[in-house]
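*Asks:*
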Amino acid sequence: MSTEETRFFQFLAGERQGEVLVFDRIEEDDGDVYLCFKDDSRCNEDLILPINKREYSSELMAEVENPKNIWTFDTKWVGREEEKWSRPEDSPDGEVHLVQPFVQGRKQTTPIPPRKSKAKFGAISNYVAPAPPAPVNPLLNDPVWLMMDKAKKFDTDVEMIITISLPTKSLYDVAKESFDEGGSKVIEYIIENLDNQKLKESLKTALMDAYGEDTSIVPELNIPEMDLGEPVAVVEPIIRKATEDEIPEDIKKQRVDYEKIKK
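Under the numbering used here, the first residue of the sequence shown is numbered 1402, with each subsequent residue one higher.
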């Protein structure tokens, strides 16, 4: 990469605030686009402010023209109180007394944008992720699904464990220390971006356990790609056919509903 093509990016928050890095390449990881730098670090493109954009909100980095024309930072303490002592004139012992205890407060840093640049790099990256195809559920007309849809439900507690992808603790600390309610907003972001597929897989395991099924091997849940094929049934030996009086009322009702659906 020639000098004219070199692109620079500066940290606006966190422990590396103010540091300038040299762009190396673009990577995609699990649908996200990352800018990688010469020092082997990387940053999600969504956390980077484009060059010449001056309205800073919550970005971690910004593209700059060169290391001589970069963002500066105005830092001040909010709510900080220094310790104060005083010797009252009417004090009989003449001792000094603490009248204002030290209050740490918090440090507030405001990034100040650099001069506008003549560099025209365009978008940070030209990568456009393809839109995923709309899933089609082949089970919507399956008789088992139709029967379950008509059946009476009851509420029950199901215990489950789910594996989710979390931002690093250091990035959480940056958000918490640099922005109002930054920590709680990170939690809201994680919840808003939960992987529905992982959630469904974890729930499927919990449901199989609730119904007494073997959960040591749980097949992957991928409804859009399921091939129903021919129905297979394992029939256990029976002694006799149940009489109508022995069949529970809710089963009778489901059978009637199913016959209506078939018609």
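Heads up, the beta-carbon is just placed ideally off N, CA and C, and yes, glycines get one too. Quantities reported herein were computed from a predicted structural model and do not represent experimental measurements.
Determine the direct distance from the alpha carbon of Lys1599 to that of Glu1578, and round the result to whole angstroms.
*Replies:* For this step, residue 1578 is matched to residue 177 along the sequence shown. For this step, residue 1599 is matched to residue 198 along the sequence shown. The straight-line gap from Cα to Cα measures roughly 31 Å.
*Asks:* Check whether the Cβ atoms of Val1587 and Gly1415 sit closer than 9 Å, and answer yes or no.
*Replies:* Stepping through the sequence shown from its first residue, residue 1587 is reached at position 186. Stepping through the sequence shown from its first residue, residue 1415 is reached at position 14. Not a contact, by the Cβ cut-off of 9 Å.
*Asks:* Among Ser1459, Ser1458, Ala1463, which residue has its Cα nearest to the Cα of Asp1443?
*Replies:* Here residue 1443 refers to the residue found at position 42 of the sequence shown. The residue you asked about is not Asp; residue 1443 is Arg in the sequence shown. Nearest C-alpha to Arg1443: Ala1463.
*Asks:* Decide if Tyr1435 is buried, meaning its Cβ has at least 16 other Cβ atoms within 10 Å, or exposed.
*Replies:* As a working mapping, residue 1435 is identified with position 34 in the sequence shown. Counting other Cβ atoms within 10 Å of its Cβ, Tyr1435 reaches 16 or more and is therefore classed as buried.
*Asks:* Where Asn1445 and Ser1603 are concerned, what is the direct C-alpha to C-alpha distance, given to the nearest angstrom?
*Replies:* Counted from its first residue, the sequence shown places residue 1445 at position 44. Counted from its first residue, the sequence shown places residue 1603 at position 202. Each residue's alpha carbon lies about 28 Å from the other.
*Asks:* My assumption, with CB atoms under 8 Å, is that Phe1503 sits in contact with Glu1483. Please give the rounded CB distance.
*Replies:* Mapped onto the sequence shown, residue 1503 falls at position 102. Mapped onto the sequence shown, residue 1483 falls at position 82. Phe1503 to Glu1483, Cβ: 6 Å. Contact.
*Asks:* Let me confirm a value: Pro1512 is counted as buried when at least 16 other C-beta atoms fall within 10 Å, else exposed. Which label applies?
*Replies:* Along the sequence shown, one-based indexing puts residue 1512 at 111. Pro1512 should be labelled buried.
*Asks:* Give, in chain order, every unbroken run of the beta strand (DSSP E) that is at least 3 residues long and sits entirely within the region 1468-1522.
*Replies:* 1473-1479, 1485-1487, 1498-1501, 1507-1513
*Asks:* At the level of alpha carbons, what is the spacing between Lys1601 and Leu1448?
*Replies:* Position 200 of the sequence shown, counted from the first residue, corresponds to residue 1601. Position 47 of the sequence shown, counted from the first residue, corresponds to residue 1448. Distance between the alpha carbons of Lys1601 and Leu1448 is about 29 Å.
*Asks:* Can you name the start and end residues of the beta strand (DSSP E) that Glu1464 belongs to?
*Replies:* Residue 1464 sits at position 63 when you count from the first residue of the sequence shown. Here the beta strand (DSSP E) through Glu1464 covers 1462-1465.
*Asks:* Can you tell me whether Arg1507 is buried or exposed, with buried defined as 16 or more other CB within 10 angstroms of its CB?
*Replies:* Along the sequence shown, one-based indexing puts residue 1507 at 106. With fewer than 16 other Cβ atoms within 10 Å, it is exposed.
*Asks:* Let me know if Phe1555 comes out buried or exposed under the rule of 16 or more other beta-carbons within 10 Å of its beta-carbon.
*Replies:* Residue numbering aside, residue 1555 sits at position 154 when the sequence shown is read from its first letter. Exposed.
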